[in-house]
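Participant: My structure is below; once you've seen it, I'll send some questions.
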Amino acid sequence: MLKAAGGNLPKNVTMTMSMRSLSMSSPTLYAKPVGTPGGKKKMLFNPKTMKNALPGQSETKVKKAGMTHLDFDDAIRSMKFYKNGTDLKPLGLSTLNPNNLSESKSTVVKYTSKCQRTLGYLGGIKKFQNNELYRHPVTLVTENTTRINEEFISKLDNSSSKENRLALIGSRGVGKSTVLAQAHALALEKFEKDVIILHINLGEQIVNGTNDYVFNPKLNKYHQPMFTKRLIHKLRLSNEEIFRKLKLSKDYTFSNRRQEFNLKKGENTLYDFLKNNKDFGKFGPNDAFQTFLEELLIQSETVPVIFSIDNVNAILDFPITKYRKPDFSPIRIEELEIGSFILDFLSGEKSFNKGGILIAKTGIIGTAEKTLDVALGIEENDPYAKSEIFDYDICVKLRENGGIKPFKIENFTKDETKQLMNFWRIIGSLPVKQFYTKEVDKTSEELSAEGGNEQFDLEIQFERMVNNNYTISSGNPHYLFKTSMLSY
Amino acid sequence: MSMLRNLSVQLVRSAPRVMAVRPVLAAPSFIRFKSDSTIPITTEKDISLTAQIYPIDKETITEEDVDEWLGSLKTLKSGKSVPESPTEAYLSHLSNPAPFLKEKFEPTEEQLAEVEAYSNTSIPILTDPTVENLINLIMRHGKKAKAQKIVSRALYIIHLKIRKDPVEILKETLDKLGPLVTTKSFKTGTAKSRIVPIPLNRRQRNRLAITWILEGSSKKKSNDLAVRLAEEIISAYEGKSSGYDKKANMHKTAMQQRAYIQL
Numbered sequence: 076m077l078k079a080a081g082g083n084l085p086k087n088v089t090m091t092m093s094m095r096s097l098s099m100s101s102p103t104l105y106a107k108p109v110g111t112p113g114g115k116k117k118m119l120f121n122p123k124t125m126k127n128a129l130p131g132q133s134e135t136k137v138k139k140a141g142m143t144h145l146d147f148d149d150a151i152r153s154m155k156f157y158k159n160g161t162d163l164k165p166l167g168l169s170t171l172n173p174n175n176l177s178e179s180k181s182t183v184v185k186y187t188s189k190c191q192r193t194l195g196y197l198g199g200i201k202k203f204q205n206n207e208l209y210r211h212p213v214t215l216v217t218e219n220t221t222r223i224n225e226e227f228i229s230k231l232d233n234s235s236s237k238e239n240r241l242a243l244i245g246s247r248g249v250g251k252s253t254v255l256a257q258a259h260a261l262a263l264e265k266f267e268k269d270v271i272i273l274h275i276n277l278g279e280q281i282v283n284g285t286n287d288y289v290f291n292p293k294l295n296k297y298h299q300p301m302f303t304k305r306l307i308h309k310l311r312l313s314n315e316e317i318f319r320k321l322k323l324s325k326d327y328t329f330s331n332r333r334q335e336f337n338l339k340k341g342e343n344t345l346y347d348f349l350k351n352n353k354d355f356g357k358f359g360p361n362d363a364f365q366t367f368l369e370e371l372l373i374q375s376e377t378v379p380v381i382f383s384i385d386n387v388n389a390i391l392d393f394p395i396t397k398y399r400k401p402d403f404s405p406i407r408i409e410e411l412e413i414g415s416f417i418l419d420f421l422s423g424e425k426s427f428n429k430g431g432i433l434i435a436k437t438g439i440i441g442t443a444e445k446t447l448d449v450a451l452g453i454e455e456n457d458p459y460a461k462s463e464i465f466d467y468d469i470c471v472k473l474r475e476n477g478g479i480k481p482f483k484i485e486n487f488t489k490d491e492t493k494q495l496m497n498f499w500r501i502i503g504s505l506p507v508k509q510f511y512t513k514e515v516d517k518t519s520e521e522l523s524a525e526g527g528n529e530q531f532d533l534e535i536q537f538e539r540m541v542n543n544n545y546t547i548s549s550g551n552p553h554y555l556f557k558t559s560m561l562s563y
Numbered sequence: 114m115s116m117l118r119n120l121s122v123q124l125v126r127s128a129p130r131v132m133a134v135r136p137v138l139a140a141p142s143f144i145r146f147k148s149d150s151t152i153p154i155t156t157e158k159d160i161s162l163t164a165q166i167y168p169i170d171k172e173t174i175t176e177e178d179v180d181e182w183l184g185s186l187k188t189l190k191s192g193k194s195v196p197e198s199p200t201e202a203y204l205s206h207l208s209n210p211a212p213f214l215k216e217k218f219e220p221t222e223e224q225l226a227e228v229e230a231y232s233n234t235s236i237p238i239l240t241d242p243t244v245e246n247l248i249n250l251i252m253r254h255g256k257k258a259k260a261q262k263i264v265s266r267a268l269y270i271i272h273l274k275i276r277k278d279p280v281e282i283l284k285e286t287l288d289k290l291g292p293l294v295t296t297k298s299f300k301t302g303t304a305k306s307r308i309v310p311i312p313l314n315r316r317q318r319n320r321l322a323i324t325w326i327l328e329g330s331s332k333k334k335s336n337d338l339a340v341r342l343a344e345e346i347i348s349a350y351e352g353k354s355s356g357y358d359k360k361a362n363m364h365k366t367a368m369q370q371r372a373y374i375q376l
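Which chain is which? The protein sequence lines are A and B, in order.
Take the position in the first sequence, starting the count at 1, then add 75; the result is the number in the working numbering.
Take the position in the second sequence, starting the count at 1, then add 113; the result is the number in the working numbering.
Below you can see the structure in the form of structure tokens.
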């Protein structure tokens, strides 16, 4: 607001900035106001410049080049580097099969294409296993593979899941998830796909509060509709062949998109039920998952069922979930529908007539928590342990019916290390070359070309590398990879 | 506080002085034996305690031995420098045991053969000097492990993309990108300074190439230096880096000033 400088206006009248532009009477007022150097600029609408024209920002955005915006871990997984991998066909790798395990011991093998697809659906081939090195996922048959075949796979068709419960334990990066995937593959090969695999590949997804949840007063449990829907979708795809063979044991009626479905006993299959029933993802009380479990319990008399969970300590060591009740008290794992299903089968309270339970820990989550370790008998019970570290109820539940047997995954032996490193050498990922010498910027090869008297033997050098890397990693696959591939 | 300090000083002063207990260094020499008893030797292999302490062909100690021992001790104490009897010689050794405790290493034939096998071999160094140079140029605030991690990850991505030995790719790229010659200005003392082309050695060429690669990598998208570096090295390997313009400019300037080349 400015006071009128001229004498045209009365004393009590003030002039605004907008009025100034209209005033032609006074040359003082007609002049540009102080502090506006360029005067007024005409604003034109330009969508390109307007988009980024935030205060304090330059109007044009600098475009940055490059293959990806991701960081290292995500980049190597998402950029499909496996396509550049060496063709493995000429190597003539044998497939992972329970019948030829003794012949293929300490060798690198591949999964059959069907098996690989199933494992892909189940999430058995995990992200951090560095499969980007190879065109197809490969695996090393170790002593652990032979043991899991003898102790778990061979019992699948002659014992109930209550009597066949194993927990894979071991240090970080030792290959627990790999052995789990191998167990799946061995079972699929042994029963020629006539085996049902229920697999939860990331246990933390159940408890970390990332899903929607709804209370079912009839069950007195909380559903997780989206999680259940995705789990069922995954299981349907991976077990399609066997589900198509299994005829329903009861009549089922449900509606889907205003269409009534009447599935007949002995006529329709379990696949039809899973395909057409959309109640798994319904946000409201329903009994679809319970029906599926009941049907599985009946079907397990003829077909073995493997129930497996990876990263299981994310569930069992953290029984207080991130979900809350309406009064804001936390929901425990037993109060979730999926959680109670897991605990029932792990404790042996419910059991498949044929089959087994296989759980695997993760070395990344919950190193301080002790519930699972005490339940497996690896650690002694500390009566003064805090409730955050040790949950008594879960521990007691897991110890029911004889408890779960721990299965320790061992590191690679030296022979296995050598075989794997040799495979890396063959596919061109592990360059075997002479060491560098003190002569600056000259390898010993160059020195010898100049007339040095050294003689190189690449085999001796490779042996030296094997010894070195085996000593550094002590046969742990994760550290073996790091020291061989990620240290130049 | 000062009062407390005074009190503590007084307490310390008032406490009786206790002799510090010295550790027993040569325990066996202080052991006394019953002179009339003999120590049974269980096996031939076991050396008796007597022989360990008094190893002059004797299994037992008699009173005469003790007398002889004490006598020679007295003579040595009195200042005798050259020992005469075996007991004196033994006691003089005890006072200066160092030359007799030295272990002499004698290599086996196998060990000698191993030494022979390595006789022509040059001493290996841990890492490639070129990679080391890159690591050192990336390193900030002395955090070498961090720089090593970045370079290792970048080389791994290069391997995944091109499927060759990434160290060789890096070397080839640096060879391609590094300029051969630079220019320096010398003052002539008159108005005009002289710009002289100077040839670069391998390390200097590498340094410039690496600097340009790092400049180029800062223009890439990713937040991870390892990924940006890998992308830039790959594009430089394929001949697309902005460093090539800089190299061409340097060569052009040097060509223009070729009259001043000092031979």
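From the three backbone atoms N, C-alpha and C, an ideal C-beta is built for every residue, glycine too.
By how many angstroms is the C-alpha of T366/A removed from the C-alpha of G452/A?
Facilitator: In a straight line, the C-alpha of G452/A is about 35 Å away from that of T366/A.
Participant: Which runs of the beta strand (DSSP E) spanning at least 3 residues fall entirely within the stretch 305-366 of chain A, listed in chain order?
Facilitator: Runs found: 327-331 and 334-338.
Participant: In whole angstroms, what is the alpha-carbon distance linking N486/A and R247/A?
Facilitator: Each residue's Cα considered, the two are about 11 Å apart.
Participant: Going by the beta-carbon positions, is the gap between V340/B and Y563/A smaller than 9 Å?
Facilitator: Against a cut-off of 9 Å, the Cβ pair of Y563/A and V340/B comes out as no contact.
Participant: What residues in its chain sit with their C-beta under 8 Å from that of K262/B, if we drop five residues either side in the sequence?
Facilitator: The residues are A339.
Participant: Any C-beta of chain A sitting closer than 9 Å to the C-beta of D288/B?
Facilitator: False, the Cβ-Cβ gap to chain A never drops below 9 Å.
Participant: Restricting to Cα atoms, I'd like to know which of N283/A, P379/A, S462/A and N205/A is closest to K230/A.
Facilitator: Nearest of N283/A, P379/A, S462/A and N205/A to K230/A, Cα basis: P379/A.
Participant: Flag S265/B as yes if its beta-carbon sits less than 9 Å from any beta-carbon of chain A, otherwise no.
Facilitator: Cβ-Cβ to chain A under 9 Å: yes for S265/B.
Participant: If you measure between the beta carbons of P394/A and I469/A, is that distance less than 9 Å?
Facilitator: Cβ distance < 9 Å, so P394/A and I469/A count as in contact.
Participant: Should H206/B go down as buried or exposed, given a rule of 16 or more other Cβ atoms within 10 Å for buried?
Facilitator: Exposed is the call here.
Participant: If E201/B and T188/B are in contact, beta carbons under 8 Å, what's the gap, nearest whole angstrom?
Facilitator: Yes, they are in contact, since the Cβ atoms of E201/B and T188/B sit about 7 Å apart, within 8 Å.
Participant: How far does the beta strand (DSSP E) with S298/B in it extend, from its first residue to its last?
Facilitator: Per DSSP, S298/B belongs to the beta strand (DSSP E) from V294 to F299.
Participant: In the DSSP output, what is F482/A paired with across the bridge?
Facilitator: Answer is L243/A.
Participant: Could you check whether the Cβ of A140/A sits closer than 9 Å to any Cβ belonging to chain B?
Facilitator: Interface residue, yes.
Participant: Which residue or residues does DSSP assign as beta-bridge partners of G430/A?
Facilitator: Answer is V380/A.
Participant: Does I270/B get closer than 9 Å to chain A when you measure Cβ to Cβ?
Facilitator: Output row for I270/B: interface = yes.
Participant: For A524/A, does the count of other Cβ atoms within 10 angstroms reach 16, so buried, or fall short, so exposed?
Facilitator: The residue is exposed, with fewer than 16 neighbouring Cβ atoms inside 10 Å.
Participant: Between the stretch 186-209 of chain A and chain B, which residues of the former have a C-beta closer than 9 Å to a C-beta of the latter?
Facilitator: Answer set for the stretch 186-209 of chain A: E207 and L208.
Participant: Output yes or no for whether 9 Å exceeds the beta carbon distance between S181/A and Q494/A.
Facilitator: A contact, by the Cβ cut-off of 9 Å.
Participant: Any idea what DSSP makes of K557/A, helix, strand or coil?
Facilitator: If DSSP states are grouped into helix, strand and coil, K557/A belongs with the helices.
Participant: Where does L138/B sit, in a helix, a strand or coil, going by DSSP?
Facilitator: Low confidence applies here, because L138/B scores a pLDDT of 42, under 50, leaving its location unreliable; read the following figure in that light. Of the three classes helix, strand and coil, the one that applies to L138/B here is coil, per DSSP.
Participant: Buried or exposed: which applies to E412/A, given that a residue is buried once 16 or more other Cβ atoms fall within 10 Å of its Cβ?
Facilitator: Buried: at least 16 other Cβ atoms inside 10 Å.
Participant: Tell me, which residues are paired with F290/A by DSSP?
Facilitator: According to DSSP, which records beta bridges pairwise, F290/A is partnered with Y297/A.
Participant: Anyone know if the C-beta pair for V541/A and L447/A falls short of 9 Å?
Facilitator: In this structure, L447/A does not lie closer than 9 Å to V541/A by Cβ.
Participant: Just list the beta strand (DSSP E) runs in the stretch 275-356 of chain B, keeping only unbroken ones of 3 residues or longer that don't cross its boundaries, in chain order.
Facilitator: Here the runs fully enclosed are 294-299 and 307-312.
Participant: Report the three-state DSSP secondary structure of T156/B (helix, strand or coil).
Facilitator: Per-residue confidence for T156/B stands at a pLDDT of 49, beneath the threshold of 50, marking its modelled position as unreliable; the derived number appears in the next sentence. Here T156/B sits in coil by DSSP.
Participant: Assuming A256/A and I200/A are in contact, meaning their beta carbons sit under 8 Å apart, how far apart are those beta carbons, in whole angstroms?
Facilitator: The pair is a contact, with the Cβ atoms about 6 Å apart (cut-off 8 Å).
Participant: Going along the chain, which residues of its own chain have a beta-carbon closer than 6 Å to the beta-carbon of I547/A, five neighbours each way excluded?
Facilitator: Here the set comprises T558.
Participant: Along the stretch 311-345 of chain B, what residues have a CB closer than 8 Å to any CB found in chain A?
Facilitator: From the stretch 311-345 of chain B, only R315, R316, K332, K333, K334, S335, N336, D337, A339, V340, R341 and E344 have a Cβ closer than 8 Å to chain A.
Participant: Tell me which residues share the same chain as N319/B and place their Cβ nearer than 7 Å to its Cβ, disregarding the 5 neighbours each side in the sequence.
Facilitator: These residues qualify, in order along the chain: T243, N246, L287 and G291.
Participant: Thinking just about the alpha-carbon of each residue, which of E222/B, I270/B, K277/B and I326/B is nearest to the one in K353/B?
Facilitator: K353/B has its Cα closest to that of I326/B, out of E222/B, I270/B, K277/B and I326/B.
Participant: Just checking: is the beta-carbon of Y511/A within a distance shorter than 9 Å of some beta-carbon in chain B?
Facilitator: Yes - at least one Cβ of chain B is within 9 Å of the one on Y511/A.
Participant: Decide if the stretch 157-166 of chain A is in contact with the stretch 348-363 of chain B; the criterion is three or more beta carbon pairs, one per stretch, under 8 Å apart.
Facilitator: Counting Cβ pairs under 8 Å, fewer than three are found: no touch.
Participant: In whole angstroms, give me the CA-to-CA distance for S232/B and G278/A.
Facilitator: Taking the straight line joining both Cα atoms gives about 58 Å.
Participant: Using the rule of at least 16 other Cβ atoms within 10 Å of the residue's Cβ for burial, across every protein chain shown, is R266/B buried or exposed?
Facilitator: Classification for R266/B: buried.
Participant: So, using beta-carbon positions, are E181/B and S208/B closer together than 9 Å?
Facilitator: Not in contact: E181/B and S208/B (Cβ atoms no closer than 9 Å).
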